[in-house]
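Quick mapping for you: the protein sequence lines, in order, are chains A and B. Heads up, the first sequence is in the numbering used here, so the first residue is 43 and it goes up one at a time. Heads up, the second sequence is in the numbering used here, so the first residue is 43 and it goes up one at a time. Even glycine gets a Cβ: it sits at the ideal position worked out from N, Cα and C. Presented below is the structure to which this report refers.
Protein chains: 2
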Amino acid sequence: MTISKKSLQEIGEFGLIDRIKNWMGLPSPEVLRGIGDDVAVIHQGKKALLVTTDILIEDIHFERSWVDPYRLGRKALAVNLSDIAAMGGVPKYFLIAMGLPKNLSLPFVSLLYQGLKAEAKRFQVDLIGGDTSLSQRIMINVCLIGEGISKTLLYRNGAKIGDDLYVSGTLGDSALGLKLLQDKRIKRKPKRLIEKHLLPRPRIELGQALAKNRFASAMIDVSDGLIGDTFHLLRESRVGARIWKECIPLSRSYRKWVQTYSEDPYELAQAGGEDYELLFTASPRKRKEIFSLSRSLQISISRIGEIVKATEGFHFLSKDGESISIDRMGYDHFKSLP
Amino acid sequence: MTISKKSLQEIGEFGLIDRIKNWMGLPSPEVLRGIGDDVAVIHQGKKALLVTTDILIEDIHFERSWVDPYRLGRKALAVNLSDIAAMGGVPKYFLIAMGLPKNLSLPFVSLLYQGLKAEAKRFQVDLIGGDTSLSQRIMINVCLIGEGISKTLLYRNGAKIGDDLYVSGTLGDSALGLKLLQDKRIKRKPKRLIEKHLLPRPRIELGQALAKNRFASAMIDVSDGLIGDTFHLLRESRVGARIWKECIPLSRSYRKWVQTYSEDPYELAQAGGEDYELLFTASPRKRKEIFSLSRSLQISISRIGEIVKATEGFHFLSKDGESISIDRMGYDHFKSLP
Chain A
43 MTISKKSLQE
53 IGEFGLIDRI
63 KNWMGLPSPE
73 VLRGIGDDVA
83 VIHQGKKALL
93 VTTDILIEDI
103 HFERSWVDPY
113 RLGRKALAVN
123 LSDIAAMGGV
133 PKYFLIAMGL
143 PKNLSLPFVS
153 LLYQGLKAEA
163 KRFQVDLIGG
173 DTSLSQRIMI
183 NVCLIGEGIS
193 KTLLYRNGAK
203 IGDDLYVSGT
213 LGDSALGLKL
223 LQDKRIKRKP
233 KRLIEKHLLP
243 RPRIELGQAL
253 AKNRFASAMI
263 DVSDGLIGDT
273 FHLLRESRVG
283 ARIWKECIPL
293 SRSYRKWVQT
303 YSEDPYELAQ
313 AGGEDYELLF
323 TASPRKRKEI
333 FSLSRSLQIS
343 ISRIGEIVKA
353 TEGFHFLSKD
363 GESISIDRMG
373 YDHFKSLP
Chain B
43 MTISKKSLQE
53 IGEFGLIDRI
63 KNWMGLPSPE
73 VLRGIGDDVA
83 VIHQGKKALL
93 VTTDILIEDI
103 HFERSWVDPY
113 RLGRKALAVN
123 LSDIAAMGGV
133 PKYFLIAMGL
143 PKNLSLPFVS
153 LLYQGLKAEA
163 KRFQVDLIGG
173 DTSLSQRIMI
183 NVCLIGEGIS
193 KTLLYRNGAK
203 IGDDLYVSGT
213 LGDSALGLKL
223 LQDKRIKRKP
233 KRLIEKHLLP
243 RPRIELGQAL
253 AKNRFASAMI
263 DVSDGLIGDT
273 FHLLRESRVG
283 ARIWKECIPL
293 SRSYRKWVQT
303 YSEDPYELAQ
313 AGGEDYELLF
323 TASPRKRKEI
333 FSLSRSLQIS
343 ISRIGEIVKA
353 TEGFHFLSKD
363 GESISIDRMG
373 YDHFKSLP
């Protein structure tokens, strides 16, 4: 085994994941999805066991000065629920490993658990265990277990040439909310954008409906950003895509506040992460059903592009005829952080 | 909800767990064991799904100066395997969430994964996913999933009055190994004790044999120390115990080196944690079978005491007639660390 003397920063998060796959070798045949996927999938006859884990670390993912413990608890669970939502699975149980500084007050920890409880109740999942330890900063690691019907589960790799590309809700709100939270010049912060960052809503119901009715062909949740997550989906489906820039759904509040930071209102909606909306592909024959589902669930769904041959690449097209080719990845933990 | 303004340090880890149980309320009926147990147990017909999680945090659980990444990887998995061993379960899959400082070298991370791989191969478990993030210090959180036959799984609460109390291997080695690692006066450190701390051996095979053959009535792994873990077992079984101090198994290397720190050689073996041996109770009718199992697996097993009525409490008895009543808990993360 040869290992170059590179640092993590040089290879990046995705470079690390590729190496881990290599180091660990192939798992048992009943492991249908493993290292590198957002959710591990274990074959159990007609059903599949789903497992996912996500960490939140103080001063990396949040700052104590602008997060309240209740929302932090909800979000720690929500980001994992979103991973299960993106497969159309049913979340069931979670464990929580926490690192807590010893001088943390009991009311802080209690509010954190009240947040976890509220989110758990809403999505009918049970806390079944965990581990608590002293640590220098707050660290919250949720491991969420769910189940799904093997035949209907959605993966990143099912997109077909000619499929439509959709996204739920609006994009960019969370990234803009984060910018506003960190911006000391702005005193009265717009609540909707801040909330979208602090308290994302996992699209469990939508994900399950898309899977159960077999409307979608591939799905992923938008955690790394539209560019990054579309890339994941395209790479695993071995296809390309065109996204019509002006079709990217933006909220009214976003349109108003994004001007503070950028001339192009779509920039942040394309690159910013943590919206936890669902990005999915579907045959054009399913358009009616999908918009009817959108109405019945009262969740907006926008058709933002189409799947093309891999050789045509990944482009954003503008009304004015501009075509921008995308060849970079989304958010990378080791590379892009200071 | 009233919450006193106490800090975590004041209430301690076990005080926190009791509060979390209260905050979260009762889980679904299929959750057979949940918050507060080392392993969560989910009813799935004749089988049970087992899930456990443990965190290791730099400068809390280990120091980069005296741990090597290979052993750190092995230990991160081993401590979770030990939890499954203590129920007689079969470990199957694990996820790993890591926080890594960005300047960490790739060879360090690679060796960490080589350690994980070696341990995973030895116990035939598959890495199925995880999450990696930047962090200030190294943080490793394993979530291990296993399965067991519902009827034969061993819990902490099955000890009966009159049962024998046994422990595998020897005790105190790990705690003494840690002291020696931290002791700058000692240049040539005794390998066996150091290894017992850095590379504990989960007693998977023994745990499974005790469960499958229904030899034991209750079981726990010795992670918090003999005193602390006996307490857990007694509390949940609602019984008391007598331990014959001189029957506590000590290794030759331990006997030699413990003199550096303590006049009473048994002190550290009673209070020190992280031996990851199995502590179990069994009917006196099983003595022959248990010692025969010990021989066939080539794992030493010592009968160290007996289970008595709860009203008789928990005592250590010495040959010289001394009887020490125990009314304190073992290692507590929030209380006992500096």
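- Boundaries cannot be given for P307 (chain B), as no beta strand (DSSP E) includes it and DSSP labels it neither H nor E.
- Listed in chain order, the beta strand (DSSP E) elements of length 3 or more contained wholly in the region 186–261 of chain A are 206–210.
- With a cut-off of 8 Å on Cβ pairs, the region 83–95 of chain B is in contact with the region 124–138 of chain B, counting three or more such pairs.
- With 16 or more other Cβ atoms from the protein chains shown falling within 10 Å of its own Cβ, D317 (chain A) counts as buried.
- Put simply, the backbone Cα of A162 (chain B) is about 6 Å away from that of D168 (chain B).
- Under the 10 Å beta carbon count, G214 (chain B) is surrounded by 16 or more other beta carbons and is classified as buried.
- Assigned with DSSP and collapsed to three states, F165 (chain B) falls in coil, not helix or strand.
- If you check the CB distance, V81 (chain B) and V73 (chain B) do not come in under 9 Å.
- By the Cβ-count criterion, L142 (chain B) is buried, with 16 or more other Cβ atoms from all chains shown falling within 10 Å of its own Cβ.
- When the Cα atoms are used, R345 (chain A) and R164 (chain A) turn out to be separated by approximately 29 Å.
- Chain-order list of chain B residues neighbouring L137 (chain A): A82, V93, T95, C185, by C-beta distance under 7 Å.
- A Cβ-Cβ separation of about 7 Å places P133 (chain A) in contact with I246 (chain A) under the 8 Å criterion.
- I236 (chain A) counts as buried, since at least 16 other C-beta atoms from the protein chains shown sit within 10 angstroms of its C-beta.
- In the DSSP assignment, the residues bridged to I343 (chain B) are B:S210.
- Rounded to whole angstroms, the separation of the alpha carbons of H85 (chain B) and F356 (chain B) is 33 Å.
- Taking a cut-off of 8 Å on C-beta distances, the region 171–191 of chain A does not touch the region 296–309 of chain A, as fewer than three cross pairs fall below it.
- Close CB contacts of G76 (chain A) within its chain, under the 6 Å cut and outside five residues either way in sequence, are with P69, A82 (chain order).
- DSSP places F322 (chain A) inside the beta strand (DSSP E), whose first and last residues are 320–324.
- Put simply, the region 224–232 of chain A does not touch the region 266–285 of chain A. Fewer than three CB pairs are less than 8 Å apart.
- Per the coordinates, the alpha-carbon of G171 (chain B) lies some 44 Å from the alpha-carbon of I203 (chain B).
- DSSP links D263 (chain B) through a beta bridge to B:L320.
- What K193 (chain B) touches in chain A, judged by beta-carbon distance under 9 Å, is nothing: the nearest beta carbon there is about 20 Å away.
- If you ignore the 5 residues before and after L123 (chain B), its C-beta comes within less than 8 Å of the C-beta of P133, E161, F165, V167, L186, P244, I246, all in its own chain and listed in chain order.
- Scanning chain A for C-beta atoms nearer than 9 Å to the C-beta of T174 (chain B) yields L50, E55, L58, I59, I62, I97, H375, F376, reported in chain order.
- Closest in C-alpha terms to P326 (chain B), from the list B:D205, B:V300, B:R61, B:E354, comes B:D205.
- By DSSP's assignment, S175 (chain A) forms a beta bridge with A:G141.
- Between the region 189–199 of chain A and the region 289–304 of chain A there are fewer than three inter-stretch CB-CB distances shorter than 8 Å, so the stretches are not counted as touching.
- For R284 (chain A), no alpha helix (DSSP H) segment is defined; the enclosing uninterrupted segment is the beta strand (DSSP E) at 282–286.
- For a Cβ distance threshold of 8 Å, nothing in chain A lies close to D263 (chain B): the least Cβ distance comes to about 14 Å.
- Nearest to H239 (chain B) by alpha-carbon distance, out of B:A253, B:R256, B:L218, is B:L218.
- Within the DSSP bridge table, the entry for P133 (chain B) names B:G188 as partners.
- With a threshold of 16 other beta carbon atoms within 10 Å, K298 (chain B) falls short and is exposed.
- Using a Cβ distance threshold of 9 Å, A251 (chain B) and L335 (chain B) count as a contacting pair.
- Here I332 (chain A) really is in contact with I343 (chain A); their C-beta atoms are around 6 Å apart, less than 8 Å.
- Of the residues assessed, R116 (chain B) falls on the buried side of the cut-off, its CB having 16 or more other CB atoms within 10 angstroms.
- By the neighbour-count criterion, in which 16 or more other beta carbons inside 10 Å mark a residue as buried, I366 (chain B) falls on the exposed side.
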